[in-house]
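Chains as they are written, first to last, in the numbering used here: chain B, -4 to 143; chain Z, -4 to 143; chain G, 26 to 610; chain A, 26 to 610.
For glycine and all other residues, C-beta sits at the position ideal for the given N, C-alpha and C.
Just so it is clear, the structure is predicted and the values come from calculations on it, not from any experiment.
These notes concern the structure reproduced below.
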Amino acid sequence: MSNGTFEPRLVGFLCNWCSYTGADLAGTARMIYAPNVRIIRVMCSGRVDPQFVLKAFKEGADGVLISGCHPGDCHYKEGNYKALRRYKLLLKMLDQFGIEKERFRLEWVSAAEGVKFQHVCNEFTEQVRKLGPLYLSKNGGKHEQREA
Amino acid sequence: MSNGTFEPRLVGFLCNWCSYTGADLAGTARMIYAPNVRIIRVMCSGRVDPQFVLKAFKEGADGVLISGCHPGDCHYKEGNYKALRRYKLLLKMLDQFGIEKERFRLEWVSAAEGVKFQHVCNEFTEQVRKLGPLYLSKNGGKHEQREA
Amino acid sequence: MVNLTIDGKKVQIEEGKTILQAAAKCEIKIPTLCYHPVVEAYGACRVCMVEVTVRGKTDLVTACNTKVQEGLDVQTGSERVLKARRLNVEMLMARAPAAEPVQELAKALGIEKTRFEIKDPQEKCILCGLCVRACETIVGASAISFIERGTERKVMPPFGEPSEACIGCTACAYFCPTGAITYEDKYGRKVIHTELHLGPTTAIRVPIRQAVPMVPLIDTEACIHFKTGECKVCTKVCDREAINHDMQDETLEVEVGTIILASGFKPFDAKRIPAYGYGHFPNVITALEFERLVNASGPTGGKIKLADGTEPKAVGIIHCVGSRDENYNEYCSRVCCMYSLKFAHLIKEKTSADVYDFYIDMRCFGKGYEEFYHRLLHEGTKFIRGRVSDITDMAMTQREEGKLIIRVEDTLLGTVRRIPVDMVILATGLEPSIDHNQLAKIFNISCSQDTFFLERHPKLAPVSTFSDGIYLAGACQAPRDIPDTVAQAGGAAAEALALADKGTFALEPVTAEIDEDLCAGCQLCVNLCPFTAITYDKEKGISVVNDALCKGCGTCVAACPSGASHQKHFRDSQIFAEIEGIFVV
Amino acid sequence: MVNLTIDGKKVQIEEGKTILQAAAKCEIKIPTLCYHPVVEAYGACRVCMVEVTVRGKTDLVTACNTKVQEGLDVQTGSERVLKARRLNVEMLMARAPAAEPVQELAKALGIEKTRFEIKDPQEKCILCGLCVRACETIVGASAISFIERGTERKVMPPFGEPSEACIGCTACAYFCPTGAITYEDKYGRKVIHTELHLGPTTAIRVPIRQAVPMVPLIDTEACIHFKTGECKVCTKVCDREAINHDMQDETLEVEVGTIILASGFKPFDAKRIPAYGYGHFPNVITALEFERLVNASGPTGGKIKLADGTEPKAVGIIHCVGSRDENYNEYCSRVCCMYSLKFAHLIKEKTSADVYDFYIDMRCFGKGYEEFYHRLLHEGTKFIRGRVSDITDMAMTQREEGKLIIRVEDTLLGTVRRIPVDMVILATGLEPSIDHNQLAKIFNISCSQDTFFLERHPKLAPVSTFSDGIYLAGACQAPRDIPDTVAQAGGAAAEALALADKGTFALEPVTAEIDEDLCAGCQLCVNLCPFTAITYDKEKGISVVNDALCKGCGTCVAACPSGASHQKHFRDSQIFAEIEGIFVV
């Protein structure tokens, strides 16, 4: 929390072949973007277990991003479609936990889309910043300390 | 003999490694130069037997050019030095035949010197043109027919 | 074999042949007009009339469609033959006085003028019907036919009253012996560039001069046979019987260890920039068309000609067409500057035309390139720095009359200029090849923002892709010129060789594994796996992973309801630890 | 091993060590001024005074040069010690009141002012003599020494009255504990760029970060040991004893089948263009120096600084320095545009300076290059098209005061401009490596007009040379950037692999042969052959050619007086026929 503004803590699950390479491109091209998204690499967005998302929120994430290859471009044929289906289910589930759907996002970022990755990071950070910190009712201990 | 001007017939003995490649460069770079020099490729200027030069004059050449690598650059270490020694001897010999020394020329042209090759050809052609056709006293039959 | 005598010469020929063919065999010339070897003879013009004697009986017949007989005696120049031929020619002269072949024939026969009435002194059609027969039997279109009778009889030409059956093959004009049929573009011009096509000129052809193997192919889009089912003229003239219209594309399966993609580029479609008038002005041509025009083995024999066949007095070359332009392609196509300079040099060499070169930056970066540019500067090419806004034929001064006017902001002069020229060459940029995206999908490789294939690393692995064993060569990865392509393709070959030499290939060790004790045998994973790497072991009642087939996506792991499926190196516990690690400040 | 007690702590240490070293071992700090681990201790400053008791006898000694003894009991902070130390420090304060380490020591000991007379309040030298000992025993130059005695005693510094023995190593300044010795350039400025050298900073160093093997080397030009025979400080601190000053360059003979030349380039020497003031203006630096400056592991930690250590407010980058210039190199160096753009981007990223980029043509030809240029245009770098004529520090307006003024004809504005900046980066071009011509001779390969190695064919054989088996990779053939070099070098590797794989090598079949019947045995050819391929067969009395050694120059053939020597494929008769052929019109 610098200058009093709330800096959201975001977790991004990025597939190895498209989004992770896209993020790498953003880096090598020295594009400046919000550093709030901490990246966890998975081989495929289809690997993202719903538990990972819940775990991230539980540990203190204010938002979670899943990013995979564009539909039709999956390195493993259709893992990203699986991710999409799980994403929609998870959205409903998160609602039951009282977590706003704006805190959870699925994006398609190809290896060439360094600029798109930059935009997604900046936009998502801004979006979650507006929502403010996430206080989970049952396990909010950690969060209470994070007030601005 | 076009437009009434005398077009000398010149023979050029070019070494394979420097001058022939230089001539090739002049060609691939589409440099325009006097087409009077007809090229005979030898592996080294050291291969040019004095007989070749005499034969060329006998057959009707108005001038003879030998072209090899620059001193120190010979692909065969020192063949061009041999050529230089023979050239000097031959000059004296040609004098005895009544052949002007301006009709016989030794030049160093490297593989990179397409422009130099162009200049040598143009210059030598002009030089021999000024001298006019070569009439060999004893075997001049062919030459008499070549008057402008 | 049949034996016969023609003008006293004995000749032997296969049964079924005609007298005309027999005469050709013993080099006796019989005049013809409506005869063409690939079209069935009809004897319409009747100038091939000869006198035949068989078994004592003498008769006048048309040589083109009269078959030989044993013992036949033929006279091709007897008084009777000549008399009949003269009459026929005189009638043809009356019918088609403008037909040059008829005039020549008349001259050879000593006829000065026809005694019959000339209806139309401009007429060229002799009503031989060769066009009609060709259109029917060769082309198979039957788009033209005779109409009316007697002196009103005429052929309905395809372009006069366009017929829906006409496929525009122009075979009628090709076969017409008197040049009575012509074809023109819709403006009534004979356009040389279009006529010569500046590209493939026939439907059967060797695709390029450097083709390997060096054999012709049939362009099924252009071939008449594939439009109408007829023609096959090529098979009739090929004495090796090498042409087969029934060949089909074959799908071959070849097992390889490494793949080098070298799918190249396609030139930018100049029609996408309407302001440059390509396709509208016949003298606005693309770089590739100019290459064809200037090629010594091309349609003009290397002569630089305008659409009307004359030599241009001023030529404009426009760089960066479709390149360095946010509306089309943002990237630089790398090769256009140098080929444009080559063009300028060739035009200077072959014509006395003024050459204007419109550029943004002169990108002469390679070995000897700057030196070449320097030479051009001395040769007198006029270099104008600025992007051309448009090309128009609307003259504002007399000097611009009949010219193409190039409008450009000269950034060095800081003013807008109008440059009148006769020919404009568009230096079209490079785009990935036509089936580029499909290839990317097939080989599971990515494209960069410029849509060319993405290399694994621009510096460390410039010819590799993210799919191991698949390498990139040439312009499919990025535009590049020939020297750079040859060198870089060598790099791809070296990578492929190195891998082939090693012989084995290490898979990523991130495969899935199923814990036998935890697996409930629900088979959810079996259906999820896109690589059929998971099978159900009926005996044990559990799912089993085939390590060689598993590519390690981990989809099954994320889906396993009993937590029996794990992905090596991406175990749940490992990822949980990563998540926790993030929040340890 | 020796056992002793320091301030009650027991410590064991090797015999021969000093009390100071023993105290360091048990982490007890004893103050020092004139002590340095690599210089023999002398006890000059006497602030390391401690009280020692051995065999009942107590004494005050200097810890730095008193060796340990078995059973020694040391007190470092006893009243007696502190009293003695205070006295010493007070005397030092009088001698060198400006010496900061003395002031700190005094403060730690609670001394506010000295009771002795201060001669010179600016004095920093405590006359410890560490510099003298270092210069004598470490550097081996003995360029400085004490002069005079008593209160007039002083050290003669090397720059005050330059000594011929001084090698300018600045070791004295390095060792001086109070900063009493400084060194300055001849203008009296402390020049950061020079101080940091923006290049190799020490005589022993890892040559480049990417060095293979990753080990340091000794620069014998810079190493003090190779100047004076002394120093070897590096060997004293290297506990692996890995440093050997006696190693010599070795000549190794390696037999190989193919050779790839990758001798690279050297940057154009910016001093050759005096108008740009490189070497004169400290803030005019070359591209390579800027790379060093901006490198995160470089001397400034990646901070962009002027010579005076401040951040520039305006930076000019000049393209084509030594390239595209008939006075230096006509060719384009291919890489400078892109690295200049990178510099502009880095300056924008790291400072708030205005960046001016002076170019002729912006050559962004590679993959993603144009896009990068486009980004820079949006970032606010000011691009000025024109060649810079000169750089001056002669201000004409107040705004130019203290600045470097870049004079340039802005070809887009059509006017001469003066741009004041703080720093100028010269985008120096590429030239063949230093021993390029010698290499060309050794490997018998040609150079092209631009002096880079000549490839066999620019398109068909871009990595081959005219000498079979010798290939070219990288900038020795022509300037090129990293992606192009990596790809092209792969091409050279592929060629070499292909040849190595084949294993054999076909010689040109143009060798000489000697006709036994004609050879007179004069042996002229034996002496002429540059390859000793001809030997004299004494038995037969003739010369004999060794086919494997003969390279086919034909010199022997041209010289043979009896016409016995022939060159295959270049026989006299063949060349005569060629000559005759020329004159058959």
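- Around W103 (chain Z), no beta-carbon contact reaches into chain A at under 9 Å, the shortest distance being about 13 Å.
- Within the segment 455 to 523 of chain A, the complete alpha helix (DSSP H) runs of at least 4 residues fall at 461 to 468.
- Proximity to L9 (chain Z) across Z:E108, Z:V104, Z:E121, Z:Y76 peaks at Z:V104, based on C-alpha coordinates.
- With fewer than 16 other beta carbons inside 10 angstroms of its own, T557 (chain A) counts as exposed.
- T560 (chain A) and E603 (chain A) have their C-alpha atoms some 31 Å from each other.
- DSSP places Q46 (chain B) inside the alpha helix (DSSP H), whose first and last residues are 45 to 54.
- In the three-state scheme derived from DSSP, where H, G and I count as helix and E and B as strand, G334 (chain G) is classed as coil.
- Going by beta carbons, S62 (chain B) and G22 (chain B) fall outside the 9 Å limit.
- If you check the CB distance, E533 (chain G) and Y496 (chain G) do not come in under 9 Å.
- With fewer than three CB-CB distances shorter than 8 Å, the segment 85 to 93 of chain B does not count as touching the segment 24 to 40 of chain B.
- The criterion of a C-beta distance shorter than 9 Å is satisfied by L117 (chain G) and V72 (chain G).
- Contact check for K108 (chain A) against L152 (chain A) fails: the beta carbons are separated by 9 Å or more.
- With a threshold of 9 Å between beta carbons, E603 (chain G) makes contact with chain B.
- Taken through DSSP and simplified to helix, strand or coil, A295 (chain G) comes out as helix.
- Annotation for S365 (chain A): the continuous alpha helix (DSSP H) segment containing it runs 361 to 375.
- For D350 (chain A) and M421 (chain A), the gap between their C-alpha atoms comes out near 29 Å.
- From the listed residues G:I567, G:S590, G:T536, G:C585, the smallest Cα separation to L574 (chain G) is found for G:T536.
- A straight-line Cα-Cα distance of about 8 Å links V115 (chain Z) and E102 (chain Z).
- Sixteen is the threshold: since fewer than 16 other Cβ atoms of the shown chains lie within 10 Å of the Cβ of S170 (chain A), the residue is exposed.
- Secondary structure in the segment 227 to 276 of chain A: the alpha helix (DSSP H) runs of 4 residues or longer, each lying completely within the stretch, are 250 to 253, 258 to 262 in chain order.
- Membership of K108 (chain G) in the alpha helix (DSSP H) is indicated by the continuous run 104 to 120.
- In this structure, C69 (chain B) lies away from S471 (chain G), with their beta-carbon atoms at least 9 Å apart.
- For D98 (chain A), the CB contacts under 6 Å within the same chain, skipping 5 residues up- and downstream, are T30, T78 in chain order.
- Of the residues assessed, Y199 (chain G) falls on the exposed side of the cut-off, its CB having fewer than 16 other CB atoms within 10 angstroms.
- Nearest CB-CB separation between Y82 (chain Z) and chain A: not below the 9 Å threshold.
- Within the segment 373 to 451 of chain A, the complete alpha helix (DSSP H) segments of 4 residues or longer fall at 394 to 404, listed in chain order.
- Collapsing the DSSP output to three states places A196 (chain G) in a helix.
- Between I607 (chain A) and V6 (chain Z), the beta carbon gap of about 6 Å places them in contact (Cβ cut-off 8 Å).
- At a cut-off of 3 residues, the continuous stretches assigned as beta strand (DSSP E) that sit fully inside the segment 3 to 83 of chain B are 5 to 10, 32 to 37, 58 to 63.
- Contacts between E73 (chain B) and chain G, judged by CB atoms closer than 7 Å, involve P555 in chain order.
- Contact annotation: V441 (chain A) and V433 (chain A) have beta-carbon atoms nearer than 9 Å.
- Among the residues of the segment 389 to 422 of chain G, none has a Cβ less than 8 Å away from any Cβ of chain B.
- The criterion of a C-beta distance shorter than 9 Å is satisfied by G58 (chain B) and F119 (chain B).
- Collapsing the DSSP output to three states places K35 (chain A) in a strand.
- Looking from the CA of E95 (chain A), the closest CA among A:F368, A:K42, A:P126 belongs to A:K42.
- By the Cβ criterion, the segment 322 to 332 of chain G is not in contact with the segment 362 to 370 of chain G, since fewer than three pairs of Cβ atoms, one from each stretch, lie closer than 8 Å.
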